[in-house]
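Chains as they are written, first to last, in the numbering used here: chain C, 1 to 208; chain G, 1 to 311.
Written out as structure tokens, the structure is:
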């Protein structure tokens, strides 16, 4: 190899390496193998369970539980949920009205002194046909000492992060009949509807 | 709504009042001393059981939820009152034994209620109620029952039914303020039955509520007040001593059993006793009224809404 070739090689190598840099920066760095499961611990600050129920056969009133804890196990870097284990503190109920909170916390409704949490544990997770980010999640809800199976549509709302920290967000929408759990006050006389619609927003944190 | 008022309040109250009318006003029956002496307790227990049945549901043993003990207490209070009706003429130690036995049964509740979900593991009667609280409740029940039975022996007529009507009404308001609507209705039923007893006592020659009636009235007042304190989330206005004022108000009749009051005209003495019992309860009502009518909260509760809608 002539000295001219050495010179051109010496010039080209750094340039080539420099040219490769952007492609290294843009390439995703997998935190784990795609199939490896990651456990996302729910962040109570950014999780909440909203519910709505018909009042006096007229309007729908909304309330929420502010203290939602638990974990979500997910594969594909948080993009595919594998299991949900969620717990809601009953005394975190918040309707915006202190007096109504007290009534809902009382024995006629959530009986928060005796049953301090509402829990959900998933059993099966199956993709919704034609949807890439939605799953039908079945599992057991335990409330007021009664455990009943429920089915929810869960949507992946987003995954963000890097190889050290990662966040995954999900939203579950489902309905339950409160009388199934022994919460029957006001059902017969129409004071409050039996069907309760829930929208549960979950955000979990994973760290290496 | 009308059905709820009818089934949860009117029907149980009328049933209780019917028992009292039968036993205190019907000439052939009122001669049966043991029945006249126990009917007040039977009316209260029966009324409470009917109201519970309509509001919450039927009895089960062991109850799946701790408020189920209220129904069992209501059902047990009827034969208990009847039993005490037969001991009405007996003196020491029957009165003291009645109070102590009731206290011991309630004091043993952590063990008895341990069969609820975890066999063999003592479980408190109501949530977060420790062993010490159980012991205090047992002592309160024993003391309250003994004092009220003694009062019922010397104070016949409308005085004690009036006192209990006032106290149950106050307890109903405290329950409503604490957010337990069903218990508020049940207290209301007991208050209405006592109100009916107050009226009947005027027209029936001033019968005694009897040993059975006294024990059941005092026992249920203390027991249900304790249930509400431990099971609900009371507002700052409803503290433990507010409940003590309401549940302990009948005991204020005890110091009025003296010669000075004895010498007063009957009507004056009656009203003095009523005012002394009513004073702390009225104070409590004034204290919790803003919570009930929604001045401290920013809204109204279900019962308020329904009452307004159907008026």
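In this text, a Cβ means the ideal position worked out from N, Cα and C, and glycines have one as well.
Would you call residue i buried or exposed, if buried means 16 or more other Cβ atoms sit within 10 Å of its Cβ?
i: residue 47 of chain C; result: buried
i: residue 37 of chain G; result: buried
i: residue 280 of chain G; result: buried
i: residue 260 of chain G; result: exposed
i: residue 106 of chain C; result: buried
i: residue 175 of chain G; result: buried
i: residue 99 of chain C; result: buried
i: residue 131 of chain G; result: exposed
i: residue 101 of chain C; result: buried
i: residue 203 of chain C; result: buried
i: residue 88 of chain G; result: buried
i: residue 33 of chain C; result: A caution first: residue 33 of chain C carries a pLDDT of 44, below 50, which makes its placement in the model too unreliable to give a value.
i: residue 202 of chain G; result: exposed
i: residue 2 of chain G; result: exposed
i: residue 163 of chain C; result: exposed
Got a sec? Which residues, its chain only, sit under 8 Å from residue i by beta carbon, not counting five neighbours each side?
i: residue 165 of chain C; result: 205, 206, 207, 208
i: residue 30 of chain G; result: 23, 24, 36, 204, 207
i: residue 242 of chain G; result: 174, 284, 287, 288
Suppose contacts are defined by Cβ-Cβ distances below 7 Å. Is residue i in contact with residue j by that definition?
i: residue 69 of chain C; j: residue 42 of chain C; result: yes
i: residue 37 of chain C; j: residue 86 of chain C; result: no
i: residue 9 of chain G; j: residue 185 of chain G; result: yes
i: residue 122 of chain C; j: residue 84 of chain C; result: yes
i: residue 391 of chain G; j: residue 257 of chain G; result: Only positions 1 to 311 of chain G appear in the structure, and residue 391 of chain G is not among them; the question remains open.
i: residue 76 of chain G; j: residue 223 of chain G; result: no
i: residue 136 of chain C; j: residue 126 of chain C; result: yes
i: residue 85 of chain G; j: residue 24 of chain G; result: no
i: residue 128 of chain C; j: residue 141 of chain C; result: no
i: residue 228 of chain G; j: residue 182 of chain G; result: no
i: residue 61 of chain C; j: residue 183 of chain C; result: no
Suppose the cutoff is 7 Å on Cβ atoms and the five residues either side in sequence are ignored; what does the same chain contact list for residue i look like?
i: residue 107 of chain G; result: 134, 135, 138
i: residue 195 of chain C; result: 175, 177
i: residue 60 of chain G; result: 68
i: residue 111 of chain C; result: 144
i: residue 47 of chain G; result: 12, 13, 15, 16, 189, 190, 193
Can you list, in chain order, the residues of its chain with a C-beta nearer than 6 Å to that of residue i? Leave out the 5 residues immediately preceding and following it.
i: residue 199 of chain C; result: 50, 173
i: residue 15 of chain C; result: At residue 15 of chain C the pLDDT is 43, less than 50, meaning the model places this residue with poor confidence and gives no usable figure here.
i: residue 249 of chain G; result: 167, 277, 280, 281
i: residue 139 of chain C; result: 120, 121, 122, 123
i: residue 251 of chain G; result: 147
Per the DSSP calculation, residue i is bridged to which residue(s)?
i: residue 71 of chain C; result: C:41, C:85
i: residue 60 of chain C; result: C:54
i: residue 119 of chain C; result: C:87, C:142
i: residue 94 of chain G; result: Residue 94 of chain G pairs with nothing; no bridge assigned.
i: residue 174 of chain C; result: C:198
i: residue 155 of chain C; result: C:134, C:171
i: residue 192 of chain C; result: C:55
i: residue 49 of chain C; result: C:65, C:200
i: residue 180 of chain C; result: According to DSSP, residue 180 of chain C bridges with nothing at all.
i: residue 166 of chain C; result: C:161, C:206
i: residue 149 of chain C; result: C:140
i: residue 128 of chain G; result: The partner list for residue 128 of chain G (beta bridge, DSSP) is empty, contrary to what the question assumes.
i: residue 94 of chain C; result: C:64
i: residue 80 of chain C; result: C:75
### Message
Assess contact between the segment 72 to 87 of chain C and the segment 202 to 212 of chain G, defined as three or more Cβ pairs (one per stretch) separated by less than 8 Å. Is contact present?
### Response
With a cut-off of 8 Å, the segment 202 to 212 of chain G and the segment 72 to 87 of chain C do not count as touching, because too few Cβ pairs lie within range.
### Query
Are the segment 189 to 208 of chain G and the segment 227 to 240 of chain G touching by the rule of at least three beta carbon pairs closer than 8 Å?
no
### Query
Any contact of the segment 82 to 92 of chain C with the segment 112 to 131 of chain C, i.e. 3+ C-beta pairs under 8 Å?
yes
### Message
Counting beta carbon pairs with one atom in the segment 46 to 65 of chain G and one in the segment 9 to 26 of chain G, are three or more of them shorter than 8 Å?
### Response
yes
### Task
Kindly confirm or deny that the segment 137 to 155 of chain G and the segment 80 to 100 of chain G touch, where touching means at least three C-beta pairs closer than 8 Å.
Yes, the segment 137 to 155 of chain G is in contact with the segment 80 to 100 of chain G.
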